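Novice:
Numbering (our numbering), first residue to last: 19 to 173.
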């Protein structure tokens, strides 16, 4: 079972491909072009995600559930990004599940309020990496995919 983990972001979107047996295949980020209209940036996300799906052939996907942002514009842009992600996954017949940051942290560290450093250390150790992935968006995507792999209803 191959899982595509996604940390939604408008400027930088984290992604990771993980096998259910907790093997990290690859991870990285998709960066959209600053200053472009939102429709062009969402199309960039669609094209980049489509390329990832075609390359890695995930069976399922997981993404972080949007929490209410204090910055309304940022929250709206991320919500639109999530819409583009869900549309792309649906067009490729990939089922997805959303997880809150608390659920992800609880699954990875056993503590729902874990900090970034704790998450990086756990991802590094679980995947037996020399260094934690960078940037943080990629670490978050790894954690989201891993959380999904640990969920009892997955494959």
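For each residue, glycine too, the CB sits at the ideal point set by N, CA and C. A quick note: this is a predicted structure, and the numbers were derived from the prediction, not measured.
Have a look at residue 66 and residue 125 and give me their C-alpha separation to the nearest angstrom.
Specialist: If you take the alpha carbons of residue 66 and residue 125, they lie about 28 Å apart.
Novice: Flag this pair as yes or no: are the beta carbons of residue 99 and residue 64 separated by less than 7 Å?
Specialist: No, the pair does not count as a contact, with Cβ atoms beyond the cut-off.
Novice: So, residue 68 versus residue 59, is the Cβ gap smaller than 7 Å?
Specialist: Going by C-beta atoms, residue 68 is not nearer than 7 Å to residue 59.
Novice: Does the region 153-163 come into contact with the region 20-39, if we say contact requires no fewer than three beta-carbon pairs (one atom in each stretch) closer than 8 Å?
Specialist: Output reads yes: the region 20-39 touches the region 153-163.
Novice: Using a 10 Å radius around the Cβ and a threshold of 16 neighbouring Cβ atoms, would you call residue 151 buried or exposed?
Specialist: Answer is buried; the Cβ neighbour count reaches 16.
Novice: Please return the same chain residues whose Cβ sits closer than 6 Å to the Cβ of residue 123, not counting the five positions on each side in sequence.
Specialist: Excluding positions up to five away in sequence, the list reads 130, 132.
Novice: For residue 93, which option in 163, 168, 28 has the closest C-alpha, if you only look at C-alpha atoms?
Specialist: Nearest option by C-alpha distance: 28.
Novice: Could you have a look at residue 20 and say whether DSSP puts it in helix, strand or coil?
Specialist: Note: residue 20 maps to strand in three-state DSSP.
Novice: Could you check the C-alpha separation between residue 61 and residue 102 for me, to the nearest Å?
Specialist: Rounded to the nearest angstrom, the two C-alpha atoms are 8 Å apart.
Novice: Is residue 80 near residue 162, with beta carbons less than 7 Å apart?
Specialist: Yes, the Cβ-Cβ distance between residue 80 and residue 162 is below 7 Å.
Novice: Shortest alpha-carbon distance to residue 82 belongs to which of 146, 74, 144, 22?
Specialist: Residue 82 has its Cα closest to that of 22, out of 146, 74, 144, 22.
Novice: Who does residue 48 pair with in a DSSP beta bridge?
Specialist: Its beta-bridge partners are 31.
Novice: Straight-line CA distance for residue 56 to residue 78?
Specialist: Residue 56 and residue 78: Cα-Cα distance of roughly 27 Å.
Novice: Per DSSP, what are the beta-bridge partners of residue 37 in this structure?
Specialist: Paired residues: 20, 41.
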